[in-house]
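*Asks:* There's a structure below that I have some questions on.
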Amino acid sequence: MFELSVLAAILYLLVSLLFWLRERFPAPPWLLHLLLAAAVVSHTLGLQQAVWQSGGLDLGLFKVLSVLGLILAVLVLFNQLQRGAVNLGAWLLPVCAATAVLGVAVSGQYEIRSLSFSLTVHVLFALLAYAMFTVTLVYALVVKAQERALKHHHLSTLVKRLPPLQSMERTQFKLAWVAFILLTLAMIIGYVALESFLGQQVAHKTLLTALAWGLFAGLFIGHHVWGWRAVMTLRGLLAGYFLLSLGFIGPKVVLEFILGNGV
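Taking the working numbering, the leading residue of the sequence shown gets 2, the next gets one more, and so forth.
This is how it looks when you write it as structure tokens:
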């Protein structure tokens, strides 16, 4: 289990390094795809043994982060298979490497439990939404860097390889829309799956998620009604992502590592 996760981390870092060095030492695309696919398989096998326990699912903080890292790696793999796609693996794969190891190396105080089908689907959609917002945020930071470089005429090799700025902005909003739809579905399924959607244990998560959802909705309204550009919505995207992180990660840190009472 641990060996597979370490292997996945090494492969993630290797692919990330090859991405960064592709100008000086270009690697064939098939090799990058093969290495990344092998990393995803190793990560999956190692994580499966860590999460699936005899008494149910271990959804402790670092296990969940490892699942998130796996989803990000799969998204990067699909992204690399698309011609002309912006390479996000150089930034995201080191994160995947860290979560792969932490998922099996660190354990918090979490009570292993069996989840209903509807609650499992809710958790899956929530993780997918968070992963997509992570990709969107990284993409938005690249767009911001591109816009600043063009404004100050600092055209590095990286900027020259990017698609036109307007195309980048359209792609950013498409990614944000996918993430927003996944988040909406996660909230709807959670409302159906949870016995008390506003119960004491999940009230803070519900409130923070609802605030983030409203903020993201406001960004889309501003884009379509007032023509807000992608670079103008970066702060709102950062704020919404921060709210999601508070609701998603914050309570687990407090309950598992401070109070020692994982939920």
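Where a beta carbon is used, it is the ideal one built from N, C-alpha and C, also for glycine.
With 7 Å as the threshold, decide whether the Cβ of A127 is near any Cβ in chain D.
*Replies:* No chain D is present in this structure, which holds just one protein chain.
*Asks:* Could you work out which residue in L46, H34, L82 is closest to V105 when comparing CA atoms only?
*Replies:* L46
*Asks:* Check whether the stretch 203-213 touches the stretch 237-248, taking contact to mean three or more Cβ pairs, one atom from each stretch, closer than 8 Å.
*Replies:* yes
*Asks:* Suppose contacts are defined by Cβ-Cβ distances below 7 Å. Is H44 in contact with A9 by that definition?
*Replies:* yes
*Asks:* Tell me the residue span of the alpha helix (DSSP H) that contains G104.
*Replies:* Bounds of the alpha helix (DSSP H) holding G104 are 90-106.
*Asks:* Tell me which residue opens and which closes the alpha helix (DSSP H) that I190 is part of.
*Replies:* 166-194
*Asks:* So, does the stretch 224-242 touch the stretch 120-130, judging by three or more C-beta pairs under 8 Å?
*Replies:* no
*Asks:* Among the candidates A39, F63, F126, S67, whose CA atom is the shortest distance from the CA of F181?
*Replies:* F126
*Asks:* Hey, how far is the Cα of R162 from the Cα of M169?
*Replies:* 12 Å
*Asks:* Using the beta-carbon count (16 or more within 10 Å), is W214 buried or exposed?
*Replies:* Counting the other CB atoms within 10 Å of its CB gives W214 a total of 16 or more, which places it among the buried residues.
*Asks:* May I have the straight-line CA-CA distance separating G70 from L183, to the nearest angstrom?
*Replies:* 17 Å
*Asks:* Express the C-alpha separation of A177 and A101 in angstroms, rounding to a whole number.
*Replies:* Those two C-alpha atoms are separated by around 25 Å.
*Asks:* Considering just the uninterrupted stretch of the alpha helix (DSSP H) at R23, what are its terminal residues?
*Replies:* That residue, R23, is in no alpha helix (DSSP H); it is neither H nor E in DSSP.
*Asks:* The alpha helix (DSSP H) spanning T207 covers which residue range?
*Replies:* 204-227
*Asks:* Identify which residue in R25, W53, Q49, A38 has its Cα closest to the Cα of G90.
*Replies:* With distances taken between Cα atoms, G90 lies closest to A38.
*Asks:* Report the rounded CA-to-CA distance for R171 versus G241, giving the unit in angstroms.
*Replies:* 19 Å
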